[in-house]
Every structure is written in C-alpha cells, then in structure tokens.
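The structure appears below as structure tokens.
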Amino acid sequence: MKSRFYTAQEVAEMLGVHQSTAYKIIKRLNAELEAQGYIVINGRVPIAYFDQKCYGGVSNGR
1 MKSRFYTAQE
11 VAEMLGVHQS
21 TAYKIIKRLN
31 AELEAQGYIV
41 INGRVPIAYF
51 DQKCYGGVSN
61 GR
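Just so it is clear: in the sequence shown, position 39 is 39 by my numbering, and no numbers are missing.
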C-alpha cells in the first residue's frame with residue numbers, strides 16, 4: 001500500500017534542509033490541519049497537503 005504521508009527525512013531531502021528543520025515544517029503544517037479539525041500524526045505530513053502548501057498543488061513527482 002502506498003503511503004499517504006511524507007516523513008521528516010523525505011521532506012528534508014525534497015527541500016534541501018536539515019531533518020530538524022523538516023520536523024519544524026511538519027509541526028507547523030500539522031498545527032494548521034489540527035486547527036481545521038483533522039487528526040494528525042506527529043513526524044508525518046499528508047502528501048496532498050504538503051504539495052499544496054509547498055508546491056501550489058503540483059505533485060513533486062512522487
């Protein structure tokens with residue numbers, strides 16, 4: 001089954017940042033989702049939401 005989430009390691013590689021920065025980005029995106037009433041998983045961010053926020057809704061090729 002294909003994952004619906006990016007991990008901090010994947011986010012770090014895509015954005016060219018350290019893994020600690022990726023965790024901060026994921027935490028921020030998950031806080032936005034939680035405020036909208038969604039259930040979130042620490043250390044992971046939904047692919048669709050990440051792509052929307054970072055790439056304007058265009059898939060990054062994964």
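Ideal Cβ positions, reconstructed from N, Cα and C, are used throughout, including at glycine.
The residues V45, I47 and F50, in chain order, have a CB closer than 6 Å to that of Y6 in the same chain once the five nearest residues on each side in sequence are set aside. In the structure shown, Y55 falls within a helical segment according to DSSP collapsed to helix, strand and coil. Take K53, set aside five residues on each side of it, and the residues of its chain with a beta-carbon closer than 7 Å to its own are L29, in chain order. With fewer than 16 other CB atoms across the displayed protein chains lying within 10 angstroms of its CB, I41 is exposed. According to the DSSP assignment, R28 belongs to the alpha helix (DSSP H) that extends over Q19 to A35.
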